[in-house]
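Asks: In order, the protein sequence lines correspond to chains W and L. Per our numbering: the first sequence = residues 1 to 127. Per our numbering: the second sequence = residues 128 to 412. Where a beta carbon is used, it is the ideal one built from N, C-alpha and C, also for glycine. These numbers come from a predicted model, not from an experiment.
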Amino acid sequence: MERIPILKMGPYLLVTIQVDMHDRVAMTLQDELTERIVSERAKGVLLDISTVDVVDSFIGRMISNIASMSRVLDAETVVVGMRPAVAITLVELGLALPSVKTALNVDAGMTLLKSARKMANNGRPSR
Amino acid sequence: MGQNTQFAEEIRNRQDAILKDWIAYQQSSLTLRRDLVKESDLREASRQFLDLFSEAFASSADSASPAWKPVKDNLAEISKARAVQGFSPSETATFVFSLKQPLFNLAQQRAGQDGKQLAQILWDLTVLLDRLGLHTTEVYQESRESVIHRQQQEMMELSTPVVQLWEEVVALPLIGTLDSERTQVVMENLLQRVVDTGARIAIIDITGVPTVDTLVAQHLMKTVAATRLMGADCIISGIRPQIAQTIVHLGVNLNDIVTKATLADAFQVALQRMGAMISKAAPTA
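As structure tokens, this is what we get:
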């Protein structure tokens, strides 16, 4: 069964989805990602979906759920590299994902995570 | 039927004479566009048509019968070509109608003093040529419509340019009414350009949109949401006072979207977010 690798980059986790997002794959990802956020004490998650060209409402909701779950675990999620067709599909499905942060590419996403963390740490000593 | 066959035979025998007459009539008519059609082309087209006409007429005088298919196809080709060249419908139909005169002349010669026979032939010819004329006009209309349809599509593609204002700032000046189909094109164009340029801010300027109703507002909000999903921020600018009133009266909620009155204001906000600024140069004197 296909699995999606979760890479650690400093205090952040990088998830690059390079396989077809079947429902089962998505569920496994959700499980593993939450486990890893806790075990690595990750402060942010970068979800790279630049190679995903087909989404349905289930995957859309999964992305939204992953973002909400990570936030509960004190990790900000940034979805990066969404394709135009995917964005249009999600909007037409009524899943505008208002609670999810987005960025154009991994670079911009990383900058966003860092600045968000700096703001959160404002006035507190950093670890 | 026998009469028709004889008459068709007659047409074929005198084809050259008829052709000469016919072309003379076409040329003398006011509706011939000498600037659009060469005489040699006209002669060739007329000869070809007359060939097919006499052949079909020999087998049947009813234009609905399959024998007339080659004639109709030939006519369709001619009227399509003329529609594209810019002939008017009557100019196109004259091609067929001007054949009446030479054929009537022929019928008159043939029938001589027999009024009853003459009337019969003339009636057959009139019905036939009228139907062919109508067919011409129909095909002409169809090809005009296809031209219009193509132009509409081209206009749609042309009317949604995405311009780059600054590094990572693009603008989309919308002009004209926004319907669902056009919104789709606009959205795709904008998102593609966001990917191509790596833009972080997209400004949608609706100065040129004449009216904003709930549907248009919904389209705008969809575009903004899709752009945000791609990781770029959207600013809507160029909202005229009238449109601001309409939006509020309709109860459309644009609270989640940054809106500015003019493109200049929106550009300023964009620059601020990029950490850039434009200022007047110090006076040199």
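Kindly give me the distance between the Cβ atoms of W:T102 and L:G358, rounded to whole angstroms, as I take these residues to be in contact under 8 Å.
Replies: By one-based count along the first sequence, residue 102 of chain W stands at place 102. By one-based count along the second sequence, residue 358 of chain L stands at place 231. Confirmed, about 4 Å.
Asks: Quickly, what does DSSP pair L:D332 with across the bridge? List them, please.
Replies: As a position in the second sequence, residue 332 of chain L is number 205, starting the count at 1. BP columns for L:D332 point to L:P300, L:S364.
Asks: Verify the CB distance criterion: does L:V322 have a CB-CB separation below 8 Å to chain W?
Replies: In the second sequence, counting from the first residue as 1, residue 322 of chain L sits at position 195. Yes, its Cβ sits closer than 8 Å to a Cβ of chain W.
Asks: Taking one C-beta from the segment 100-119 of chain W and one from the segment 314-331 of chain L each time, how about it: are there three or more such pairs within less than 8 Å?
Replies: Enough Cβ pairs lie closer than 8 Å, so yes.
Asks: Would W:L97 pass as a contact of W:S57 if the rule is Cβ separation under 8 Å?
Replies: Locating residue 97 of chain W in the first sequence gives position 97, counting from the first residue. Locating residue 57 of chain W in the first sequence gives position 57, counting from the first residue. No, they are not a contact pair.
Asks: Per DSSP, which one or two residues make a beta bridge with W:Y12?
Replies: By one-based count along the first sequence, residue 12 of chain W stands at place 12. Looking at the DSSP assignment, W:Y12 forms a beta bridge with W:M9, W:G44.
Asks: Less than 8 Å between C-beta atoms, sequence neighbours within five positions excluded: which residues of the same chain meet that for W:V38?
Replies: Within the first sequence, the letter at position 38 stands for residue 38 of chain W. Cβ neighbours of W:V38 beyond the five flanking positions: L73.
Asks: Please name the residues in the segment 346-361 of chain L whose beta-carbon is closer than 7 Å to at least one beta-carbon of chain W, in chain order.
Replies: Here the close residues are K349, A352, A353, R355, L356, M357, G358, A359.
Asks: At a cut of 8 Å, does the segment 198-208 of chain L reach the segment 242-254 of chain L through at least three beta carbon pairs?
Replies: No: fewer than three Cβ pairs fall under 8 Å.
Asks: What number of angstroms, rounded off, separates the C-alpha of L:L398 from the C-alpha of W:T51?
Replies: Locating residue 398 of chain L in the second sequence gives position 271, counting from the first residue. Locating residue 51 of chain W in the first sequence gives position 51, counting from the first residue. Looking at the two C-alpha atoms, the distance is approximately 31 Å.
Asks: Can you tell me whether W:R3 is buried or exposed? The criterion is at least 16 other CB atoms within 10 Å of its CB, across all chains shown.
Replies: Here residue 3 of chain W corresponds to residue number 3 of the first sequence, with the count starting at 1. Burial call: exposed.
Asks: My output table needs one value for L:T287: the three-state DSSP class, helix, strand or coil.
Replies: Indexing the second sequence from 1 puts residue 287 of chain L at position 160. Residue state, collapsed to three classes: coil.
Asks: Enumerated in chain order, which unbroken segments of the beta strand (DSSP E) with a length of 3 residues or greater are wholly contained in the segment 171-217 of chain L?
Replies: Segments of the beta strand (DSSP E) lying fully in the segment 171-217 of chain L: there are none.
Asks: For chain W, find out if any of its Cβ atoms is closer than 8 Å to the Cβ of L:M283; answer yes or no.
Replies: Position 156 of the second sequence, counting from 1, holds the residue named residue 283 of chain L. Output row for L:M283: interface = no.
Asks: Would you mind reading off the limits of the beta strand (DSSP E) that contains W:T51?
Replies: For the purposes of this step, residue 51 of chain W is taken as residue 51 along the first sequence, with counting starting at 1. It is not in any beta strand (DSSP E) - W:T51 carries neither H nor E in the DSSP assignment.
Asks: For L:Q153, count the other beta carbons within 10 Å of its own beta carbon; 16 or more makes it buried, fewer makes it exposed. Which is it?
Replies: Taking the second sequence and counting its residues from 1, the one referred to as residue 153 of chain L is at position 26. Buried, because 16 or more other Cβ atoms sit within 10 Å of the Cβ of L:Q153.
Asks: For a test of the three-state rule: what should DSSP assign to L:V387, helix, strand or coil?
Replies: The sequence position of residue 387 of chain L within the second sequence is 260, counting from 1. A small correction: the amino acid at residue 387 of chain L is Lys; Val does not occupy that position in the sequence shown. DSSP places L:K387 in coil when its eight states are reduced to three.
Asks: Taking the C-alpha atoms as reference points, what is the distance between W:L47 and L:D332?
Replies: Locating residue 47 of chain W in the first sequence gives position 47, where the first residue counts as 1. Locating residue 332 of chain L in the second sequence gives position 205, where the first residue counts as 1. Cα to Cα, W:L47 sits roughly 31 Å from L:D332.
Asks: With a cut-off of 8 Å, does the C-beta of L:E294 fall near any C-beta of chain W?
Replies: Mapped onto the second sequence, residue 294 of chain L falls at position 167. It does not; no Cβ of chain W falls within 8 Å.
Asks: Using DSSP's beta-bridge definition, name the partner residues of L:W293.
Replies: By one-based count along the second sequence, residue 293 of chain L stands at place 166. According to DSSP, which records beta bridges pairwise, L:W293 is partnered with L:V296.
Asks: What is the DSSP secondary structure of L:A359, counted as helix, strand or coil?
Replies: Here residue 359 of chain L refers to the residue found at position 232 of the second sequence. Coil.
Asks: One question on the structure: do L:L381 and L:S364 come within less than 8 Å of each other, judged by their Cβ atoms?
Replies: Residue numbering aside, residue 381 of chain L sits at position 254 when the second sequence is read from its first letter. Residue numbering aside, residue 364 of chain L sits at position 237 when the second sequence is read from its first letter. The answer is no: Cβ separation not under 8 Å.
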